[in-house]
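Taking the numbering used here, the leading residue of the sequence shown gets -11, the next gets one more, and so forth. Reviewing the structure listed below.
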Amino acid sequence: MEKHQDTYERKSNKEQGRKYRQRKRDMQKRLIKTFFTLLVMTGIGITAVVLIPKNDKGKVSGQGESLQTSAKPVDKEEESKDLGSQEPDVQKSQEKQDNVDEVRTAVITQADLLAAGYDYDSAIETVKSFEGYERDSELTAKITDYENRKATCVPVDIDKVTHVFYHSLVVDPELCFANQDTDPQAVGNNQWMTTIEEFNKITQTMYDEGYVLVDLHDMVKETTDENGNVHFEKGEIMLPPDKKAFVLSVDDLCYYHSYDGYGYASKMVLDENGKPKCEYIQRDGTTVVGDYDVVPLMNKFIEEHPDASYHGARGTIALTGYNGILGYRTDISYQTKPADMNADKLKWLEEHPDFSLDTERAEAKKVADAIKEQGWRFASHTWGHLKVGEASMERLRADTEKWKENVEPLVGSTDTIIFAHGQDLAEWTTGYTPDNEKYNYLKSQGFNYFCNVDSQQYAVQITDTYFRQGRRNLDGYRIYYNSIGEMDSLSDLFNASDVIDPKRPPVPRLN
Ligand SMILES: [Zn+2]
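If you want it as structure tokens, here you go:
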């Protein structure tokens, strides 16, 4: 048993070492794909292998190979000869020149985009991938510009990176917050949820204030020793001096049955371009697809403001499993129907007689892949929204196994756990000590990044063996009580009275 666990640990650690560079590689791959499409479209033979970072070349050799092969000139001339075409050489060379210009424009666009996201090295590599860039004064000026901008950047104080989080956003506040006097769930909605209007104002304000979204993993430098053990130290984030880093997470992106009829999106779907969007069922029962939650809204914002994100970072999405994920009913219990199954699940099954677990899982995986493709990461939020502080070891084990069986195959393995109910494994000041049984267990299951809820502006703990960060809930409760001057816990980010949704009723106090 011990041996098995050890093997597991090594495997999972090794995997995480690999994952450490995954995002950057993904971005490169996306870049290459775009670039490569252009090459094929234009039929131009330009060696663009430089786009692949040197140390990753071996790992993505498949990509490099296909790029090189396919980037060979499509021999239109030969074809023409065969057909006995009388096309003048002048025209042909003009065509070729137009194609070169098109690729050159694409290179500049991509490089500018990378530089906007503070990834100056990749921007420079991209320019250098254009054959003959040395003799092109505009391109060499680009390189100089990127180098100069890089030189102005300063390291971010990792201890002063704030972490904010949301739940699913409220699309229809009137519906969501109705009946505050009689409906306890409407009260909960008002206390814990943020509306789309509030989210958009917060995002814009934070951007205007110089906040730049970074990945949780950017805060840490992760190394694996010869025994396969992972070690952590503070990471390096380089930003212009007037910028500040922040981390984002989204909790419970599952579209629970309990959200039905309260004006939230119903599931995440892919639009006709394969981009992750939300399905929303309007009051009249008609369904629309659009930007109805954090993921598509943030993607859109970063598309419009590429300097809002560091190296293409997105947020971390924390998922439970008991109602499935992303609005898909992917949990095994929908098929096995255990005796203690909740009434809302049974009701849903009755309403969906053609339910197929395989279909739900396949759909969810497709959407999860597309979300990851854009730079988002997934984390465990425990399968059953567990109170980890109170739970017994036995419950924690059973719960973790359920997450690994029902959620992990859809979103991929993760090294991050975001605790539910704001609970934690130990006091902040104590940290996770070597005798902490729950910590040791979660660590053995591959978790190295631990997040709780903390009202402090900054709460970062990096030890040799784990990363831990407190998160601030930008919810109705905090926005409301900050807006009326009874709390002051958001003013470093935005002015609550400027962002509060006018459709939000007074928020009842917590008992
Ligand atoms: Zn939660």
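A virtual CB, placed ideally from N, CA and C, is assigned to each residue, including glycine.
From Y310, E113 and D109, residue whose alpha carbon lies closest to that of S246: Y310
Y199 to P284 span [Cα, whole Å]: 19 angstroms
Test item, CB below 5 angstroms from any non-hydrogen atom of ligand 1: D239, D240 and A408
Boundaries (first-last residue) of the alpha helix (DSSP H) holding T191: I184 to D196
Nearest-angstrom beta carbon gap, L374 and K426 [assumed within contact, 8 angstroms]: Contact doesn't hold; Cβ gap of about 11 angstroms is too wide.
The region 108 to 126 touching the region 165 to 180, judged by at least three CB pairs closer than 8 angstroms: no
Backbone CA spacing between S479 and D196 [nearest angstrom]: 14 angstroms
Minimum C-alpha distance to G262 - residue among F153, A356 and L498: A356
Buried/exposed call for Q433, threshold 16 Cβ in 10 Å: buried
Per DSSP, cross-strand counterpart(s) of N440: G458
Cα-Cα separation between T128 and G120, rounded to whole angstroms: 10 angstroms
Span of the alpha helix (DSSP H), counted from its first residue to its last, around K209: That residue, K209, is in no alpha helix (DSSP H); its beta strand (DSSP E) goes V208 to T212.
Straight-line Cα distance separating T347 from V495: 40 angstroms
Inter-residue spacing [alpha-carbon to alpha-carbon] between D319 and T97: 43 angstroms
Rounded distance between the beta-carbons of S237 and T304, thought under 8 angstroms: 4 angstroms
Cβ contact (3+ pairs, closer than 8 angstroms) linking the region 207 to 225 and the region 177 to 196: no
Contact belief for W416 with A367 at Cβ below 8 angstroms, rounded distance in angstroms: Their Cβ separation, rounded to whole angstroms, is 20 angstroms, which puts W416 and A367 out of contact at 8 angstroms.
Own chain, CB closer than 7 angstroms to G464, minus 5 neighbours either side, in chain order: N178, Q179, W180, M181, T182, R492 and V495
Spatial distance of E291 from R466 (CA atoms): 29 angstroms
Residue from C164, R460, I225 and M286 whose Cα sits closest to the Cα of I146: I225
Simplified DSSP assignment, three categories, for S237: strand
Nearest residue (CA-CA) to Q323, options A296, D342, C164 and V277: D342
Nearest to N424 (by Cα), restricted to the options E393, V276 and S380: S380
Nearest to D239 (by Cα), restricted to the options K80, D86 and T370: T370
Helix, strand or coil at M226 according to DSSP, with G and I counted as helix: strand
Any 3 or more C-beta pairs closer than 8 angstroms across the region 227 to 236 and the region 131 to 150: yes
Nearest to G363 (by Cα), restricted to the options N436, D489, S125 and P264: P264
Contained beta strand (DSSP E) runs [length at least 3] in the region 388 to 419, N- to C-terminal order: 404 to 406
Top-ranked residue by Cα proximity to K138, from A104, D328 and N461: A104
Spatial distance of E393 from F165 (CA atoms): 36 angstroms
For M256, the first and last residue of its enclosing beta strand (DSSP E): K255 to L258
Close beta carbons around E162, own chain, < 8 angstroms, minus the five adjacent residues each side: G251 and K491
Same chain, Cβ closer than 7 angstroms to K288, neighbours up to 5 away in sequence not counted: D279
Own chain residues within Cβ distance below 6 angstroms of V144, not counting five before or after: I225, L227 and A233
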